[in-house]
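Line order of the protein sequences matches chains C and B.
The first sequence maps to residues 44 to 571 in the numbering used here.
The second sequence maps to residues 69 to 558 in the numbering used here.
No residue lacks a Cβ here, since even glycine has one placed at the ideal position from N, Cα and C.
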Amino acid sequence: MKRAQVRKDSYFDSVFLMSLSKRLKDNPQVADAIVAMGTSMNLELLADQGYAGPELTGVTPNDLIIAVEAADAAAVESALQAAKALLEKKAAPSSGGRADAEPTTLAAGLRALPGANLAVISLPGAYAAREARKALESGLHVMLFSDNVSLEDEIALKRLGRDKGLLVMGPDCGTAIINGVPICFANAVRRGPVGVVAASGTGLQEVTCLVDRFGSGISQAIGTGGRDLKNAKVGGITMLMGIAALAQDPETKVIVVVSKPPAQEVADKVVAALGAAGKSAVVHFIGLEPGSAGSAPASVHFASSLEETASMAAAIAAGRPALAAGRPAMPVPLAPEIEALAEREARRLAPGQKWLRGYYTGGTVADEAMILLHRLTGRLFSNNQGDPAFVPPDPRLSIEHTIVDLGDDVFTVGRPHPMIDPSTRTDRILAEKDDASIAVVLIDVVLGYGSHPDPAGAVVEALKVVRATAEARGGYLPVVASVIGTPADFQGYEAQVAKLEAAGCLVMPSNYRAAVLAARIVEKAAKR
Amino acid sequence: MSVDKTLPDGTSGCADPVLGLFSSPLKVLNLGLDSFADELSAQGVEVLRVRWKPPAGGNAKLIGALDRITRGGFDVETANREAVSRILKGKPVLVDVGKALDVVPGMTKRTVLHAGPPITWERMCGPMRGAVIGGLLYEGLAKTRAEAEGLAASGGVDFSPCHHHASVGPMAGVMTASMPVWIFENETYGNRSYCTFNEGLGKVLRYGAFSDEVLERLRWIEKELAPLMKRALALHGPLDMRNIIAQALQMGDEGHNRNRAGTSLIIREFAPYLVRLGEDGEKVAKALSFMHANDHFFLNLSMPASKCVVDAAAGVEGSTLIVTMARNGTDFGIRISGLGDRWFTGPAGIVEGLYLPGFSAADAAPDIGDSVITETAGIGGFAMAAAPAIVKFVGGSPEDALAWTRRMYEITVAESEFYRIPILDFRGTPTGIDLRKVVETGILPVINTGIAHREPGIGMVGAGLVKPPVNCFEDALFAFAQTYGEGEKA
C-alpha cells in the first residue's frame, strides 16, 4: 500500500532528503520511498507514482512530503515513523524554537559570524546565484558548489566579484583547497609550493593528490567551475584572478593550470597571464597536445596528462628541470611493467572479449581516459564525447568501447552524485555483468572530504560479482583501477588500494596509467 | 615577491582581498549541504550553518519581482539608507496641546478621522462604528445612536484615515473636530504629528463605547485635563519624547502594549508644573490620578512620537522602507516610502493572545488601530526584548521576547542609536522595515496589540500578538517591481 504524508513549512535540503529516501528504502519491507519538497516537479513525480490523495493538494515548495510504499499498513506506518525520527534528528540543533539560535539568512549569518571570509553555497541552482550575489556584496569570497546556475548569472557574479577583488569559485565547482583546508570534495594534501587553478573538479583532485605523492605540496588550489575558460563570455575571470593572486602569493613557487580546452582567446589570455606572473607554470589543457596551444613564454610548461602536470610541478618546485622529470615518454613506448602486465592479463581473456568499459564517478578523470582511449582505439563511446557519433544512443547502455561518466546529470536526477552514493555505479556494473564481450573494466575511486566513506569497499562487491560471472562462463575479466587520494584522507589511500587489490583489481598509481594499461589490454585482446 | 600586510585600511590587512583570504584563517558561512560544514568544522575551521530556506517561500513570482528590483538599476540600498537615516535622526518633541479643528491639517467640523487605511461606514467593524457614533454624539452632530448611524450611513460626514492627516489613533482611532490633541514636532525635519488623549481602559471611545459615561470623560478631558496639560507643558517647555521613550525601554516598556514606565515618567515630568499652575489641588490630583490609573496614558504619546519620525522617511524615491502599518478592524494596510500614498491592504487578522477573565477568542474583533506605528518606528513588538513582562500576554517566556526582537533584525535595515535594549547588551532596536526582506524571509513584522470586543462599547478583552496579512506585503512588492524593476518601468 501507498501513503503520503505532508509536513507543512519544513524545508530540507534535497540531497539530505535523497539520502533519507535511500535509508528508508534500505528497509526490505519498504518497496519505495520518496521524501521530497513539494515542488511542482516532485508533485508530478508523485502523481506518476500513483500518489494522488487529497493530502497532496495545496502543498507548497516549503512543505515536505514523505511518500512510502510498503507491504501493509503497519510497514507504512513504521516507515513514516522512521522518516520522522531521521528528520527530527537532523532538525535537533534548530528545534530550540529560538529565533536567534539559527540564522536563516546570509545577512543574519554574517551578523552571527563577523569577519566571515568565504561563503560555501550548495543550494539549488535557482537560488544559489541570488545568495552568491549577496555574499559578494557583503565582501565574502564565494565557493559556488551548485550547478544549474545560468551563464548570465555566472557572468554577472564573476564581474561583480572581479570589481570587488573577490573570488567566485564555481558555479559547479566541487573542490578547492584554501589555506590548507580542503573544501567540499577535496583531499588532505600536504601544504607546499604548488598553487593550482583548475576548471575541473576531479582534475584538481588528481593533480593535488599526485603532487603530494611526488613529494611536494599545495599552497592553494582554486576551483573555477567548468565554464570559466570554456565560455569566451565568462572569459576566465576566476582563472585570471587566481593566477594573479598566486603570482603575488609568497607561498606559491609554481603555478599549475588545469582545464578542459578553453576558448582560444581565453587560452591566450591565460598563457599571457602565466607568462606575466614571474613564476614557473605548468599548464594542462585536457585533450590538447602540448605544443598545439601556440607559442608560450619559457616559464610556461605544457603537460600532456594530469599525472605529468603533477610531476612537472613537483619537479620544478624541487628545483629540478621540469621536462626531464616530467616526461616519462608515455604513452608509447610503455613502461615495461605495464606492457608485461597487459600481456599477462590479455592472455587470460576468452575469445570474443574485446571491449573496454570504463565506469567513472569523476568527470575530469573520465574525460582524461576517454580522450586517451579514443585516440588509441579510434572509436570510443561516451556520454562525455563532443562528437555525437560517439555518444551512445542510450546513456544507460554501453556499446563497444564505452566510458561512462556516472556523474552526468542523466544519472543524478533524484539521486546523489556517485562520488557520494556509489550505488549508481554498482547498479550499472551489475547490469552489464552478462555481457561476454567485455575485455576490461576501468574505474576511478575518489577519496577525500565529500566522498563516500569507503568508495573502494562500495564497489568491490560488484566487481567480484562481474569477475565471478565472467569466470563462470569460461572467461576472465581484468579490472583496472586508480585511486585519487592521499594517506591523510580519512578513507586512507593504502587501505582503499588494499581493498581493491584483495578483490583482484590492478591498481595503477594514476588515472592516466590506469587508462593506458586498460588500452594496452584491449589492444592485445584485439590482436589475439 | 613580498606582500604588504600592514595596510592602513586595517580591514583585510591586504590590498588584494584574495591575498587577504590566503593570509587569514578561513571563516565560512555554509548555505546548503550540512556535510560540507561538518567536514570544515571537523578540520577546526570556524563555520556557521545558515538554516537557509527558499526565499519568499519558493514563490517564483515573488522571487522574480525581487530579482527585477535588484536588476532594475535603481539603487534601492542607497534609497533605504536615506530613508532609514531620517528615522534614526528624527527627534520627536512634544510641543503643545491644541484643538483638532485648529491644528490637524484638513480637519473640518464634519470630519471623522479613524484608524487604519480608508474605509466606508458599510465595511466598518463593530468597535469602529461604535466609536464613530460616539464621536458624532460628542460633537453634537447627532442626538441619538440611530441619528448618528443614519448620518454616518448617509455620507453626511467625511471619513478619513488619521494617517492622511499627520495623525494616529489607537484602536478605532476616532478623532473629531473638538477633541484636544497632543502636538508633536520632529525637531530634525520640522514636520508635526497629532494624537488624541488616552481615555483609560474599559468602556472608552477607542473600543467603540459611546455611553454617557464615555462622553462625559471625553468632555472632562477636553475642558479640564487638556487645558491643564497644555499650560503645564508651556511652563515645562518642549518635552523630548525620544529621551523619554529611551528611558522607558530601559525600564521594561516596549512603547506599544506596555506603557507603565512611560506613563510614570510623564507623571514625573508634569507633576511639578501641574502643581505650579496654582489650580485647585483636587483638580490637579484628579488629573494625576487619571494618568496614574491608566498605564496606557503614554501610548497616545509614543504613537505620535513615532508618527512624526516615520513620516519624515516617506516619499524617498526608490525606497522599500515600510512607512505605514495600520488597521481599521477590517483591513490591515501598509504604505511604502517609494510608492507615495498608495495603500496595500489585506484582511485584518485575529490577535493571538490572552483574554481577560470572562472573554474568549469568540469575543474578539479583528486587529484594529494605528498603534502599530510604534513597530513601524522600531519599538513596540520590535523592542519586545526590552519588555520581557509583556510575553505573559502570549503565553511565552522571556526567551521568546528576546527571540522576537532578534528576529526583527532580519527584516530591518538599521539599529536605533537612541532606543537601546539592556538585555541585548544595549543593542539598538531593529529599525526601518525593508519590504523586500519581509517578502524574502517570510518573516512578518511582530506586532504587540490589545484586543477589542467585537461589539461596540465593551472595551478591551485581551492582548497579544498579531500577524499582518502576507498579501499586502506581496502586493506592495509587485507594485514596487512594476515601478522600479527591470523591464517593467512604466
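Closer than 8 Å by beta-carbon distance: list the chain C residues that pair up with residue i, in chain order.
| i | result |
| --- | --- |
| B:Phe548 | Result: empty, since nearest Cβ-Cβ is about 17 Å, beyond 8 Å. |
| B:Arg119 | Ser137, Glu145, Pro146 and Thr147 |
| B:Leu116 | Pro146, Gly152, Ala155, Leu156 and Ala159 |
| B:Lys95 | Leu156, Gly158, Ala159, Asn160 and Leu161 |
Would you kindly work out how many angstroms separate the C-alpha atoms of residue i and residue j, rounded to a whole number?
| i | j | result |
| --- | --- | --- |
| C:Ala557 | B:Pro122 | 44 Å |
| B:Gly421 | B:Gly530 | 7 Å |
| B:Ala294 | B:Val165 | 7 Å |
| C:Val309 | C:His344 | 17 Å |
| C:Asp143 | C:Ile472 | Here C:Asp143 scores only 46 on pLDDT, less than 50, and its place in the model should not be relied on; the value that follows carries that caveat. Each residue's Cα considered, the two are about 49 Å apart. |
| B:Glu554 | B:Thr444 | 28 Å |
| C:Gly268 | C:Phe188 | 9 Å |
| C:Gly152 | C:Ser181 | 11 Å |
| B:Cys230 | C:Ser193 | 49 Å |
| C:Ala353 | C:Gly362 | 14 Å |
| C:Asn70 | C:Asp91 | 23 Å |
| C:Asp470 | C:Gly500 | 15 Å |
| C:Pro459 | C:Met61 | 7 Å |
| C:Asp532 | C:Asn230 | 6 Å |
| C:Leu86 | C:Ala125 | 22 Å |
| B:Tyr275 | B:Phe227 | 18 Å |
| B:His233 | B:Arg197 | 20 Å |
| B:Asp102 | B:Leu87 | 27 Å |
| B:Ala544 | C:Tyr94 | 37 Å |
| B:Gly268 | B:Asp363 | 8 Å |
| B:Leu283 | B:Val506 | 41 Å |
| C:Lys45 | C:Leu67 | 14 Å |
| B:Gly305 | B:Val378 | 24 Å |
| B:Arg395 | B:Ile418 | 12 Å |
How about residue i: is its Cβ closer than 7 Å to a heavy atom in the ligand FAD?
| i | result |
| --- | --- |
| C:Val277 | With respect to small molecules bound, the structure shown includes none, and the ligand FAD cannot be examined in it. |
If residue i and residue j are in contact, beta carbons under 8 Å, what's the gap, nearest whole angstrom?
| i | j | result |
| --- | --- | --- |
| B:Gly510 | B:Gly125 | 5 Å |
| C:Leu179 | C:Leu149 | With 8 Å as the limit, C:Leu179 and C:Leu149 do not qualify as a contact, their Cβ atoms being about 11 Å apart. |
| B:Ser374 | B:Ile491 | B:Ser374 to B:Ile491, Cβ: 22 Å. No contact. |
| C:Gly491 | C:Gly450 | The pair is not a contact, with the Cβ atoms about 15 Å apart (cut-off 8 Å). |
| C:Ile77 | C:Ala116 | So it is not a contact: roughly 18 Å between Cβ atoms. |
| B:Pro372 | B:Phe252 | 5 Å |
| B:Val118 | B:Leu99 | 5 Å |
| C:Ala47 | C:Leu89 | 7 Å |
| B:Phe534 | B:Thr517 | Looking at the sequence provided, one finds Val at residue 534 of chain B rather than Phe. B:Val534 to B:Thr517, Cβ: 5 Å. Contact. |
What does residue i reach in chain C if we use C-beta pairs closer than 9 Å?
| i | result |
| --- | --- |
| B:Gly98 | It is Asn, not Gly, that sits at residue 98 of chain B in the sequence shown. Chain C residues near B:Asn98: Gly152, Ala162, Val163, Ile164 and Ser165. |
Taking C-beta pairs closer than 7 Å, name the residues in chain B that residue i reaches, listed in chain order.
| i | result |
| --- | --- |
| C:Phe257 | Near C:Phe257 there are no residues of chain B at all, since even the closest Cβ is about 23 Å away, more than 7 Å. |
| C:Pro496 | Going along chain B, no residue has its Cβ under 7 Å from C:Pro496, so there is no contact; the nearest lies around 11 Å. |
| C:Gln263 | Phe90 |
Find the residues of chain B that neighbour residue i, judging by a C-beta separation of less than 8 Å, and give them in chain order.
| i | result |
| --- | --- |
| C:Glu131 | Ordered by position in chain B, no residue passes the 8 Å Cβ test against C:Glu131, which lies about 15 Å from the chain. |
| C:Val489 | Chain B residues near C:Val489: none, gap ~15 Å exceeds 8 Å. |
| C:His184 | Pro85, Val86 and Leu89 |
Applying a beta-carbon distance threshold of less than 9 Å, which residues of chain B neighbour residue i?
| i | result |
| --- | --- |
| C:Ile221 | Leu89, Phe90 and Leu94 |
Just to make sure I have the definition right: I need the residues of chain C whose C-beta is within less than 7 Å of the C-beta of residue i. Which are they?
| i | result |
| --- | --- |
| B:Pro122 | Tyr54, Pro104, Asn105 and Tyr170 |
- Flag this pair as touching only if the segment 283–294 of chain B and the segment 398–416 of chain B have three or more C-beta atom pairs under 8 Å; answer yes or no. no
- Fully enclosed by the segment 374–431 of chain C, which alpha helix (DSSP H) runs are 4 residues long or longer? 379–390 and 406–420
- Quick one: complete beta strand (DSSP E) runs, 3+ long, within the segment 492–552 of chain B? 495–501, 515–520 and 528–534
- Message: Does the structure place the segment 166–182 of chain B close enough to the segment 382–392 of chain B that three or more beta carbon pairs sit under 8 Å?
- Response: no
- Task: Would you be able to state if there are at least three C-beta pairs under 8 Å between the segment 256–270 of chain C and the segment 131–138 of chain B?
- Result: no
- Task: Would you check if the segment 86–102 of chain B and the segment 153–164 of chain C touch, i.e. whether three or more CB-CB distances between them fall below 8 Å?
- Result: yes
- Message: Taking 8 Å as the cut-off, does the segment 225–239 of chain C touch the segment 476–495 of chain C (at least 3 CB pairs, one atom from each stretch)?
- Response: yes
- Would you check if the segment 420–438 of chain C and the segment 377–396 of chain C touch, i.e. whether three or more CB-CB distances between them fall below 8 Å? no
- Where are the alpha helix (DSSP H) runs, 4 residues long or more, that stay fully inside the segment 96–124 of chain B, in chain order? 102–110
- Query: Using 8 Å as the Cβ pair cut-off and three pairs as the minimum, do the segment 391–402 of chain B and the segment 343–360 of chain B touch?
  - Reply: no
- Completely contained alpha helix (DSSP H) runs for the segment 315–373 of chain B, where each covers 4 or more residues: 328–344 and 349–360
- Return the chain-ordered ranges of every beta strand (DSSP E) run that is complete within the segment 515–549 of chain C and spans a minimum of 3 residues. 522–527
- Tell me the start and end of each unbroken beta strand (DSSP E) in the segment 74–155 of chain C that is at least 3 residues and wholly inside, in chain order. 107–113
- Message: Could you check whether the segment 141–155 of chain B touches the segment 477–491 of chain B, counting it as contact only if at least three pairs of C-beta atoms, one from each stretch, sit closer than 8 Å?
- Response: yes
- Item | Any beta strand (DSSP E) of 3 or more consecutive residues that is wholly inside the segment 168–250 of chain B | 179–182 and 226–229
- Message: To test your reading of the DSSP string, which unbroken beta strand (DSSP E) runs of 3 or more residues are found completely within the segment 206–248 of chain C?
- Response: 218–221, 224–227 and 234–241
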